[in-house]
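Before any comments, here is the structure.
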Amino acid sequence: MISENINVILNEQINKEFYSGYLYLSMSAYLKELGLNGFATWTKIQAKEEVEHGLKIFDYLIDCNSFVTLKQIKTPEFEFNGILSIFNYIYEHEKSITNSIMEIAKKAEEECDRMTLNFIDWFIAEQVEEEETVKNIIKRLELFGEDKVALYLMDKELSERTE
Ligand code: FEO
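Residue numbers (the numbering used here): 3 to 165.
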């Protein structure tokens, strides 16, 4: 049985995951406008992944016979200012998501909620992977600087993402 406290933070996490989807989608639209189709594809696929994260929590709550409370998803507030600023923003955003996942794990631990602890492990591993992937993109963008050919090749590489 999931406690009320755990129910509240899991519902909040659904909202954060769906918001992440909105954020990546807004970035995808902007990147498409810039002509960076590969980066646009990458962020659009990431948006779908974020929705899947939200649905994973949605299903968990239902499987546990707990309540789902869907709240309003806020509009992404981000001033676009070039490709590097987008990925720096993504990195900070993902770090904040990691913190909220860790908060869920901490609360589940305090309540000896083994089911939620087990469930949230998947998200912890996922956050490690996401942060690492984004950091890697940032490192390369910093390294290439204004080199347009390098950016073109990276855009091509990112366009190959399928899931
Ligand atoms: Fe669902 Fe990007 O964390």
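All residues carry an ideal CB built from backbone N, CA and C; glycine is no exception.
Just so we're clear, the structure is a prediction, and the values are computed from it rather than from any experiment.
### Query
From which residue to which residue does the alpha helix (DSSP H) around Gly84 run?
If you number the sequence shown from 1, residue 84 lands on position 82. Here Gly84 belongs to no alpha helix (DSSP H), and DSSP marks it neither H nor E.
### Query
Arg116 by DSSP, collapsed to three states: which one?
On the sequence shown, position 114 is the one that residue 116 refers to. Arg116 falls in the helix class under three-state DSSP.
### Task
Pull up the distance between the alpha-carbon of Asp157 and that of Phe89, whole angstroms please.
Looking up residue 157 in the sequence shown gives position 155. Looking up residue 89 in the sequence shown gives position 87. Distance between the alpha carbons of Asp157 and Phe89: 13 angstroms.
### Query
Ordered along the chain, which non-local residues of its own chain (more than five positions away) have a Cβ less than 6 angstroms from that of Leu160?
Position 158 of the sequence shown, counted from the first residue, corresponds to residue 160. Within the same chain, Leu160 has close Cβ partners Gly40, Phe41 and Trp44.
#### Entry: Any heavy atom of the ligand FEO nearer than 6 angstroms to the CB - residues listed
Glu19, Ser22, Glu52, His55, Glu96, Ile99 and Glu132
### Query
When burial is assigned at 16 or more other CB atoms within 10 Å of the CB, is Leu155 buried or exposed?
Here residue 155 is taken as the residue at index 153 of the sequence shown, counted from 1. Counting Cβ neighbours within 10 Å, Leu155 comes out exposed, since fewer than 16 surround it.
### Element boundaries [alpha helix (DSSP H), containing Ile64]
The residue given as residue 64 occupies position 62 in the sequence shown. Element bounds for Ile64: Asn39 to Asp65.
### Message
Taking contact to mean 3 or more Cβ pairs, one atom from each stretch, closer than 8 angstroms, check whether the segment 114-125 and the segment 143-150 are in contact.
### Response
no
### Query
Taking the C-alpha atoms as reference points, what is the distance between Lys150 and Cys66?
Here the question's residue 150 lines up with position 148 in the sequence shown. Here the question's residue 66 lines up with position 64 in the sequence shown. Going from the Cα of Lys150 to the Cα of Cys66 covers about 51 angstroms.
### Message
I'd like the list of long-range same chain contacts for Ile126, defined as Cβ closer than 7 angstroms, with 5 residues on each side in sequence excluded.
### Response
Along the sequence shown, read from residue 1 onward, the residue named residue 126 stands at position 124. Closer than 7 angstroms at the Cβ level, and outside the excluded window around Ile126, lie Ile103 and Ala107.
### Query
Does the separation of the CB atoms of Glu51 and Glu96 fall below 7 angstroms?
Translated into positions along the sequence shown, residue 51 becomes position 49. Translated into positions along the sequence shown, residue 96 becomes position 94. Their beta carbons are not under 7 angstroms apart, which means Glu51 does not touch Glu96 by this criterion.
### Query
Under the three-state reduction of DSSP, which class applies to Gln74: helix, strand or coil?
Here residue 74 refers to the residue found at position 72 of the sequence shown. Correct three-state label for Gln74: coil.
### Query
Ends of the alpha helix (DSSP H) at Ile11?
What you label residue 11 is simply residue 9 of the sequence shown in a count that begins at 1. Ile11 -> alpha helix (DSSP H) spans Glu6 to Leu36.
### Query
Of all the options Pro78, Glu162 and Tyr32, which has the alpha carbon lying nearest to the alpha carbon of Glu19?
Working through the sequence shown from its first residue, we reach residue 19 at position 17. It is Pro78.
### Query
Which residues in the same chain as Phe82 place their Cβ atom closer than 8 angstroms to its Cβ, once the five residues preceding and following it in sequence are excluded?
Within the sequence shown, numbered from 1, the residue matching residue 82 stands at position 80. Answer for Phe82: Met29, Tyr32 and Ile88, listed in chain order.
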